[in-house]
Amino acid sequence: PDLMHRLLGTTARAVSLYLNAQIDSGAQAVMLFDTWGGTLSQRAYKEFSLAYLKQVVSGLKRENEGEPVPIIVFTKGGGLWLESMADIGADALGLDWTIDIGAAQARVGDKVALQGNMDPMVLFAPPEKIRAEAAAILQSFGPGPGHVFNLGHGISQHTPPEHVAALVEAVHELSRHRQESVAVKSF
């Protein structure tokens with residue numbers, strides 16, 4: 020484990036330097052991806068992934084030219100460790116599709132925003148199924164701030180572009196409708 024810790028420490032410092040350079044160059048948000056964290060045991064995740072994600076986050080600039088720069092952390096399969104992930108100092112957690120976003124929200128509260136979490140394979144379904152899945156995710160999260168709709172992982176290069184357009188259109192329309200209904204209820 021000593022060699023691994025040295026390697027991960029060096030990598031964490033390099034990632035912090037790189038992301039800070041991105042922030043200095045005008046990045047409006049930065050995101051850390053841990054695509055393999057979900058394959059680790061709880062102890063191994065905390066020791067070999069979470070500790071170094073925290074190190075990277077703590078080394079990042081939080082603003083550029085007076086503007087905040089949100090930090091998003093994503094661990095594929097990380098639903099087991101949401102509470103621990105919410106405590107490392109990130110502004111948002113990216114979620115894959117293996118956890119219900121409403122359940123995730125209940126676990127982390129307003130500590131962090133949540134990003135996600137549609138299964139990218141849904142984009143191979145017909146547009147009406149894509150819309151239904153987007154609606155289900157938005158419904159599960161519920162009204163209010165703190166959700167950035169996104170896929171729960173990378174998009175396949177074979178995804179039909181018109182299906183991506185259908186998703187974007189559905190999310191925009193459904194989100195507008197939700198905002199209008201929340202505004203009406205607040206009167």
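In this text, residue positions in the sequence shown follow my numbering: the first is 20, and each later residue adds one. Virtual Cβ for every residue (Gly too), placed ideally from N, Cα, C.
Residue nearest to residue i in terms of C-alpha spacing, selected from the options
i, options, result
"D43", "L142, M50, L79", "L79"
"S35", "E152, A151, Y71", "Y71"
"Q41", "V88, T29, G171", "V88"
"Q176", "L186, P139, A153", "P139"
"K148", "L112, L186, Q134, A111", "L186"
"I90", "A111, A105, E84, W100", "A111"
"F116", "D129, E82, M104, F168", "A small correction: the amino acid at residue 116 is Trp; Phe does not occupy that position in the sequence shown. If we check each option's Cα against that of W116, F168 comes out closest."
"E84", "G135, H172, H191, G45", "G45"
"D17", "Q74, G121, V183", "For residue 17 there is no data in the structure shown, the boundaries of the chain being 20 and 206."
"F93", "L193, Q61, L114, A155", "L114"
"L27", "V49, F52, F67, P162", "F67"
"E181", "A151, A144, V127", "A144"
N-terminal and C-terminal residue of the beta strand (DSSP E) that residue i is part of
i, result
"L112", "111 to 113"
"I91", "90 to 94"
DSSP three-state assignment for residue i, whether helix, strand or coil
i, result
"E84", "coil"
"T29", "helix"
"I120", "helix"
"D106", "coil"
Enclosing alpha helix (DSSP H) for residue i [first to last residue]
i, result
"L79", "Element bounds for L79: n/a, residue is neither H nor E."
Alpha helix (DSSP H) runs wholly inside the segment 129 to 192, at least 4 long, in chain order:
For secondary structure counted as the alpha helix (DSSP H) over 4 or more consecutive residues, the segment 129 to 192 holds these complete runs in sequence order: 146 to 160.
Just to confirm the assignment: which complete alpha helix (DSSP H) runs, minimum length 4, are found wholly within the segment 35 to 77?
The segment 35 to 77 contains, as complete alpha helix (DSSP H) runs of 4+ residues, the segments 61 to 64, 70 to 77 (chain order).
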